[in-house]
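Order-wise, the sequence lines are chains A and B.
Okay, so the first sequence: first residue is 61 according to my numbering, each after it adds one.
Okay, so the second sequence: first residue is 61 according to my numbering, each after it adds one.
2 protein chains.
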Amino acid sequence: MSDQAIINEVGLRDGLQNQPVTVDTDTKAQLARLLVDAGMRYLEPVSFVSPKAIPQMADAAALTPLLPHDEGLHYTALVPNLKGYQLARDAGYPTVALVLSTTDTFNQRNLNMSLEQAAQSCEAIIAAAKEDGIATRTYIAGSFACPYDGPMPVTLPQKLAARMFAAGSDEVAIADTIGAGNPQQMKDIMAPLIREFGAEKFYVHLHDTRGLAAAMAWAAADLGVRRFDASVGGLGGCPFAPGATGNMATEDLVYLLESAGLKTGVDVERLRAAVALAQQATQRPLGGRILSWMESQENQGKTPCLW
Amino acid sequence: MSDQAIINEVGLRDGLQNQPVTVDTDTKAQLARLLVDAGMRYLEPVSFVSPKAIPQMADAAALTPLLPHDEGLHYTALVPNLKGYQLARDAGYPTVALVLSTTDTFNQRNLNMSLEQAAQSCEAIIAAAKEDGIATRTYIAGSFACPYDGPMPVTLPQKLAARMFAAGSDEVAIADTIGAGNPQQMKDIMAPLIREFGAEKFYVHLHDTRGLAAAMAWAAADLGVRRFDASVGGLGGCPFAPGATGNMATEDLVYLLESAGLKTGVDVERLRAAVALAQQATQRPLGGRILSWMESQENQGKTPCLW
């Protein structure tokens, strides 16, 4: 089993899309630079979505040329529909992320489609991307629980993942969109999928809402999953709900994986500049648990020793 | 594999022993009552240690008769040496917890003994307890890392655990005393021990210093471990270091285990009264991650639904 882990930084997309503050394009580009400087090689910086629905993503096309274009960087754009896919393709993205939620209600709220319509829309995007030589990663949103309909049976994300692979999706991301899952559920969902399709086909996307993201990430890593989403400083979540944290913080994921012997290529110490900028740009306190600990050590005049 | 988990509440002992505030005996008894009311059945409320060394534990003998004595409650007293053991026996404790650290330095600082002297002291206590019909649980402190000598090879806690079982210890607790371990290390330490001695012989004692306690608890539970220490509200750790959290919070452990399908018998909602009292008594903010989320839900006018 490989000891190389891939972290896809989604702070600029999933992290910023729910903020009351719209971060300007130059600051986003600067944040991407700091993330790349810290060792991030996979970033999902934009969503090609209606600017009416998500004004924070309205600068997707304008941001793209301002992003770092060092060799070895891998960018993904999220696309909610075929129109978004075409915009992402025209902007030159080599990979697109698609979203299929587990219930009718969730798909209606997200995409104004039923589950079946959303699945067919994903199939159409995947087919178009295949023709254009663009890679696809399909997110099964609400794989653990739907924000409207509650906990999901493990067979539901499994069936949708299989359907998306059958349609030609290169990767599938199993997403705990509202941070309501648990590590046993992770095991129950992922173990059969990994046996059937191989661990290298899967991403895991976690939110730390109830404090179990690290346990769930470990449960996935222990099964061989090596691809994870994360968000710098834990950016994301509802800014009006104290304690309602966002995506799993990139620095916490790096610390978890590296301490367990996996290689991420990311330097936690250097990530701190990115966390600081994200904090300043969104005007809210950010930072994963490992940063709290590092700060507490420094406040005592000690140099935090991570490994 | 059993779905029944045991949580040993160590907040009154490990949680309070490092606080700058000495909590009075009546408040400790009241806290024990609230914990029992929330469903806790295993408590480690005292340490029979020199009052000069740890003044916060000086009321061990006075507290004991004030504790709830409902049927089905299991109390443990920590004993650093044979003298402490005799005091615990005389106070009527059916189980004693012993401490053996992984290095000479750590044993010197804790007990003023070398590693070999501390191991022999534990063997003498275990022998005395066997004669008296008192159960023993030996903590291998610093199993993951020593605060003075750094990370430990997994074979060291394994050897010390085997030696303590050979001496007759009924249980062994593998302790990440400074919260510096990781879930891979948990697996590497525990899997061979469980194969040799059986999962039911082990406790796991975690501190959430660097944010990995839930991941490590899950790694242990996934191997079949069903006995855990935890501390109400995450009480413990250094009160002068913001972010330097203490023991894994009882409420977070309950949420982790119950969400993963194990039974703890503990009600998170009812634990909140105990957290509130612990907070008031120690004059510091407490509460695990699940409580932050519950509060954020309530602040939005929602009723938090845990399961």
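Note that the Cβ used here is the ideal one computed from N, Cα and C, for glycine as well.
Following the DSSP letters along the chain, one finds B:Ile114 in no alpha helix (DSSP H), marked with neither H nor E. For the set A:Gly325, A:Thr324, A:Glu311, the Cα lying nearest the Cα of A:Ser352 is the one of A:Glu311.
A residue is called buried when at least 16 other Cβ atoms come within 10 angstroms of its Cβ; A:Pro80 does not meet this threshold and is exposed. B:Val70 is the residue among B:Ser107, B:Val70, B:Leu76 whose C-alpha sits nearest the C-alpha of B:Val96. The beta-carbon separation of A:Val214 and A:Phe225, rounded to 17 Å, does not stay under the 8 Å limit for a contact. Not a single C-beta of chain A is nearer than 8 Å to the C-beta of B:Ala233. DSSP places B:Val106 within a strand segment (E or B) once states are collapsed to three. A:Pro211 carries a strand assignment under DSSP once its states are collapsed to helix, strand and coil. The closest CA to that of A:Ala281, considering only A:Gly271, A:Pro243, A:Ser291, A:Gly296, is found on A:Pro243. When secondary structure is reduced to three states using DSSP, A:Arg349 falls in the helix class. When the beta-carbon positions are compared, A:Ala235 and A:Tyr208 stay at least 8 Å from each other. Of the residues assessed, B:Lys88 falls on the buried side of the cut-off, its CB having 16 or more other CB atoms within 10 angstroms. One Cα belongs to B:Gln357, the other to B:Leu313, and the distance between them is close to 20 Å. Contact between A:Ile185 and A:Leu158 holds: their C-beta atoms lie close to 6 Å from each other, under 8 Å. Ranking A:Glu329, A:Met276, A:Arg286, A:Asp164 by CA distance to the CA of B:Ala320 puts A:Met276 first. Residues are counted here when their Cβ sits less than 9 Å from a Cβ of chain B; for the segment 145 to 174 of chain A the count is zero.
Cβ-Cβ separation between A:Ala290 and A:Asn307: approximately 6 Å, consistent with a contact (criterion under 8 Å). Residue burial is scored here from C-beta neighbours: B:Glu191 has fewer than 16 other C-beta atoms within 10 angstroms and is therefore classed as exposed. Within chain B, Arg270, Gly271 have C-beta atoms less than 7 Å from the C-beta of A:Ile350, given in sequence order. For A:Ala137 against A:Ala122, the beta-carbon gap comes to about 13 Å, at or over 8 Å, which does not count as contact.
For the segment 233 to 251 of chain B, the set of residues with a beta-carbon nearer than 9 Å to any beta-carbon of chain A comprises Gly239, Ala240, Gly241, Asn242, Pro243, Gln244, Gln245, Lys247, in chain order. Taking a cut-off of 8 Å on C-beta distances, the segment 328 to 340 of chain A does not touch the segment 104 to 124 of chain A, as fewer than three cross pairs fall below it.
Less than 8 Å separates the beta-carbon of B:Arg270 from that of A:Tyr315.
The C-beta of B:Asp268 has 16 or more other C-beta atoms within 10 Å across all chains shown, which makes the residue buried. When 7 Å is used as the limit between beta carbons, B:Asp312 is near these residues of chain A: Gly271, in chain order.
Collapsing the DSSP output to three states places A:Ala226 in a helix.
A check of alpha carbon separations from A:Ala273 across A:Gly258, A:Ile238, A:Arg255, A:Thr155 identifies A:Ile238 as the nearest. With at least 16 other beta carbons inside 10 angstroms of its own, A:Ser181 counts as buried.
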